[in-house]
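Undergrad:
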Amino acid sequence: MMEEIKTIREILKKGIQTDEEENKIYGDKRGDEIPKELTSRKKVQEIIQKIRKENNDTPNENNLRKSSYNLLKQAITGEKDEKKVSRKLDLAEEQLKKTPQKTVSLTDPESRWMKNKKNQMEFSYNMQIAVDYDSGIILASSITQDPTDHHQLIPQIEQITETLGPLPEDTKFSADNGYYTRKNLEYLEENELDGYIPNRKQVYETKKSSKKDKPFSKHNFIYDYADDLYICPNNKKLSYKKTYKYNDVQMRQYYCSDCLKCHDKLKCVGKDRVRVITDYGNDLTKNMALKMETPEGKQEFAKRKQTVEWPFGNIKENLKFTEFYSRGINQTQTEKNLLSISHNIKRIHNQIQNKRKINNNLNT
Numbered sequence: 250m251m252e253e254i255k256t257i258r259e260i261l262k263k264g265i266q267t268d269e270e271e272n273k274i275y276g277d278k279r280g281d282e283i284p285k286e287l288t289s290r291k292k293v294q295e296i297i298q299k300i301r302k303e304n305n306d307t308p309n310e311n312n313l314r315k316s317s318y319n320l321l322k323q324a325i326t327g328e329k330d331e332k333k334v335s336r337k338l339d340l341a342e343e344q345l346k347k348t349p350q351k352t353v354s355l356t357d358p359e360s361r362w363m364k365n366k367k368n369q370m371e372f373s374y375n376m377q378i379a380v381d382y383d384s385g386i387i388l389a390s391s392i393t394q395d396p397t398d399h400h401q402l403i404p405q406i407e408q409i410t411e412t413l414g415p416l417p418e419d420t421k422f423s424a425d426n427g428y429y430t431r432k433n434l435e436y437l438e439e440n441e442l443d444g445y446i447p448n449r450k451q452v453y454e455t456k457k458s459s460k461k462d463k464p465f466s467k468h469n470f471i472y473d474y475a476d477d478l479y480i481c482p483n484n485k486k487l488s489y490k491k492t493y494k495y496n497d498v499q500m501r502q503y504y505c506s507d508c509l510k511c512h513d514k515l516k517c518v519g520k521d522r523v524r525v526i527t528d529y530g531n532d533l534t535k536n537m538a539l540k541m542e543t544p545e546g547k548q549e550f551a552k553r554k555q556t557v558e559w560p561f562g563n564i565k566e567n568l569k570f571t572e573f574y575s576r577g578i579n580q581t582q583t584e585k586n587l588l589s590i591s592h593n594i595k596r597i598h599n600q601i602q603n604k605r606k607i608n609n610n611l612n613t
C-alpha cells in the first residue's frame, strides 16, 4: 500500500501542474463550467499515463483501489483541497506503520480489517462490552483496533473495578472462546476471580452439525484427565509424547502409531501420516475445562448469551443503530459512549418502574 500512496502523491503533483495550466486557459471558472473531459476519469487516466512513461514501475490505474481513485478525483477536480488529501495520505502512512495488516482505509485509516457477522472482511472497529446479568446495564465498554478478542478481557475487568470499586467475592465472569488465552486464565487465577470460559473443543460440542460434518475434528477427541491422554472417535489412545515451547507457551503433543493401520486414516489425517493433537498443557487450562463441564459451568456460560447479546440486539433493533457514523477511533469511542449511556438510561428507567410496580402491589 505504501507504493499505492506514493503513486497517489505523484498523480496529485501532476494534477496540480495540470490545474495551473488550465487556470491560464480557463481563468477562475467554476468546476461545472470547465469542459467535462478535464474533470472526468479520463483526466486521471491521462495523468497516470504520464507518470508511467516517466517511471515504468509505477502501478497503473487498474492497481488502484476505488477509494484511492475517488480521493484522486476529489483532489484533481477541485472537490477537495489538495492539502486535505495530502493529510489523509500522511495519516494512512502513519497507521500502516502501526499495524501488521498490509492495507488501511483511506477514508478511515484508524479502522482495521475485521470479519463481520456474514464472515466477510471489512474495515471496522471492535466494540467490547461487559454487562451485568441481573440488570442488563453495561458496566464497561471500549473500542479497539484489535480484530480478535484475545487481549480484551483484562481491560474490561479493570474498567469495571475502576468504576465500581472492589467486587463482591461471589462475582462470576463469563466470556466466549475468543477470550480463551493462557494470559487471561492466569489473570483470573492471580486475582482470585471466578471465570467461565470454554475451550475450543467445548464450543464445538454445542454445534451438532460440526460433529456430523467433521467427525475427526480435534473437538471430537476426548481428553482423559486421569491418564493424561486423548481418545479418538475410533476409541484409540493418543498418549502424551513431548512438550515444546511456542511463543513462550508450553505446548504438549499427543499421538499414537495405530493411525497407520486405521481404516479411517484418509478422513482423519491423510495417507501415511499420524494424527497429532497439540494442547496447552497446564493446570489452568485443565481446571477451566473441568469447571466448564460441570452443570454450574454450563449454566453460567448459558447466561452469557442472554446477557451480552441482548444489549447489542437492543442497540441494533430498538435504537436502529447498525453502524458507526463517525471516523477515527476517538470519535467512534465517543459515539459508542453515547450508545452505552442511551442503553443504560433505558435499563435504569425500567428497573425503577419495576420496583414501583412491586411496591404498589405490596401496598394494595
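The sequence shown runs 250 to 613 under our numbering. Ideal Cβ placement from N, Cα and C applies to all residues, glycine included.
1) Ends of the beta strand (DSSP E) at Q405?
2) Quick check on the burial criterion: 16 or more other C-beta atoms within 10 angstroms. Buried or exposed for E359?
3) DSSP state of E371, grouped into three classes?
4) Ignore the nearest five residues each way along the sequence and tell me which others in K273's own chain have a CB closer than 8 Å to its CB.
5) Quick check: the Cα distance between Q350 and D521, rounded to an integer number of angstroms?
6) Give me the Cα-Cα distance between S391 and L515, rounded to the nearest whole angstrom.
7) Using 8 Å as the threshold, is the segment 533 to 544 in touch with the segment 564 to 578, meaning 3 or more CB pairs across them?
8) What does DSSP give as the partner residues of W362 in its beta bridges?
9) Under 6 Å Cβ to Cβ from W362, same chain only, skipping five residues before and after it: list those, please.
10) Of all the options L413, Y374, K432, which has the alpha carbon lying nearest to the alpha carbon of Q394?
11) With 16 other CB atoms within 10 Å as the buried threshold, where does D383 fall?
12) At what residues does the alpha helix (DSSP H) containing D513 begin and finish?
13) Identify which residue in A538, S317, Y453 has its Cα closest to the Cα of P464.
14) Tell me whether V380 sits in a helix, a strand or coil according to DSSP, three-state version.
15) Can the beta-carbon of P447 be found closer than 8 Å to that of F372?
16) Taking 6 Å as the limit between beta carbons, can you name the residues of its chain near L388, skipping five residues before and five after?
17) When burial is assigned at 16 or more other CB atoms within 10 Å of the CB, is K337 buried or exposed?
18) From which residue to which residue does the alpha helix (DSSP H) around Y436 run?
19) In terms of alpha-carbon separation, which member of I480, S317, T348 lies closest to V334?
20) Report all residues from its chain with a CB closer than 6 Å to the CB of T248; omit the five preceding and five following residues, and keep chain order.
21) Report yes or no: do the segment 502 to 512 and the segment 404 to 419 share at least 3 C-beta pairs separated by less than 8 Å?
22) For V525, which three-state DSSP category applies?
23) May I ask you to report which of helix, strand or coil DSSP gives I386?
24) In chain order, what residues of the same chain have a beta carbon less than 8 Å from the beta carbon of E485, not counting five sequence neighbours either side?
25) Tell me which residues share the same chain as Q600 and place their Cβ nearer than 7 Å to its Cβ, disregarding the 5 neighbours each side in the sequence.
26) Please classify Y574: is it buried, with 16 or more other beta-carbons within 10 angstroms of its beta-carbon, or exposed?
27) If you draw a straight line from the alpha carbon of K585 to that of H400, how long is it in whole angstroms?
28) Please report the straight-line C-alpha distance between A538 and T492, rounded to a whole angstrom.
29) Please classify F561 as buried or exposed, where buried requires at least 16 other C-beta atoms within 10 Å of its C-beta.
30) Considering Cα atoms alone, identify which of L611, Y489, K552 is closest to A475.
TA: Once the coordinates are examined:
1) Run containing Q405: none in the beta strand (DSSP E); it sits in the alpha helix (DSSP H), 402 to 413.
2) buried
3) strand
4) Note on K273: pLDDT 45, under 50, position unreliable in the model; no value is reported.
5) Per the coordinates, the alpha-carbon of Q350 lies some 37 Å from the alpha-carbon of D521.
6) When the Cα atoms are used, S391 and L515 turn out to be separated by approximately 46 Å.
7) no
8) F372
9) Q350, M370
10) Y374
11) When all chains shown are included, D383 counts as exposed.
12) Segment: none, D513 is in no alpha helix (DSSP H) and carries neither H nor E.
13) Y453
14) strand
15) The beta carbons of P447 and F372 sit no closer together than 8 Å.
16) A379, D381, I409
17) Sixteen is the threshold: when 16 or more other Cβ atoms of the shown chains lie within 10 Å of the Cβ of K337, as they do, the residue is buried.
18) Looking at the DSSP string, the run of the alpha helix (DSSP H) that includes Y436 is 431 to 439.
19) S317
20) Only positions 250 to 613 of the chain appear in the structure, and residue 248 is not among them; the question remains open.
21) no
22) strand
23) coil
24) The question names Glu, but residue 485 is Lys in the sequence shown. Excluding residues within five positions, the ones whose Cβ falls inside 8 Å are C505, D507, C508, C511.
25) Excluding positions up to five away in sequence, the list reads S384.
26) exposed
27) 19 Å
28) Distance between the alpha carbons of A538 and T492: 20 Å.
29) exposed
30) Y489
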